[in-house]
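Numbering (the working numbering), first residue to last: 201 to 399. Virtual Cβ for every residue (Gly too), placed ideally from N, Cα, C. Some notes on the structure that comes next.
Structure representation (structure tokens):
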């Protein structure tokens, strides 16, 4: 057996491109590929080295002394003198008392309930309201009937009757297992018995 020397990259390329068009360009590209890779690796490592060495080199040439800021305590001066020509501002005047209110009669909202649960409340009629010249309000109060009618500034004071809520059922529903496959009531034995009797 003869000793065969190691086949190099260029020998392999000449074997692969032996009967092919070597002027096409692929042959030349493959021949220069090892040099191109070597140059690219060298450029890459050089750039990475420069990137990581820039902070080290800049710390050698740039003076990084920290400027110390001195803190001084501030002492406030004397308070300003009060000028006798300008007296202090007087306090605001006391609030005026509210105007007299008119007589009001309580508004009783109608509620539909059973007779046994009904409360005996006096509901003022329209004639009573016209005769007494009273306004409708949240409670019955005596006041000045000759006073002008008051306008409620706060709309939250107006009564809103909520309708009675329906009773909530405390019924527990049976939960079904959706992962359980359907089966004949009684199991497979009942199914076979049913099929034997009816078929």
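Sequence-distant residues of the same chain with beta carbon closer than 6 Å to residue i, five excluded per side
i: residue 341; result: 304
i: residue 343; result: 301, 302 and 303
Residues near residue i by beta carbon distance below 8 Å, same chain, minus five either side
i: residue 393; result: none
i: residue 339; result: 304 and 306
Chain-order list of residues whose beta-carbon lies under 7 Å from that of residue i (same chain, five-residue window excluded)
i: residue 227; result: 213 and 217
i: residue 253; result: none
Residue i to residue j span [Cα, whole Å]
i: residue 334; j: residue 371; result: 50 Å
i: residue 291; j: residue 283; result: 18 Å
i: residue 243; j: residue 233; result: 15 Å
i: residue 251; j: residue 241; result: 15 Å
i: residue 288; j: residue 276; result: 24 Å
i: residue 279; j: residue 269; result: 30 Å
i: residue 390; j: residue 368; result: 41 Å
i: residue 315; j: residue 382; result: 52 Å
i: residue 224; j: residue 264; result: 60 Å
Supposed contact pair residue j and residue i - C-beta distance, whole angstroms, cut 8 Å
i: residue 300; j: residue 347; result: 5 Å
Pair within 8 Å by beta-carbon distance, residue i and residue j
i: residue 323; j: residue 312; result: no
Coarse secondary structure for residue i, derived from DSSP in three states
i: residue 340; result: coil
i: residue 306; result: strand
i: residue 315; result: coil
i: residue 331; result: helix
i: residue 274; result: coil
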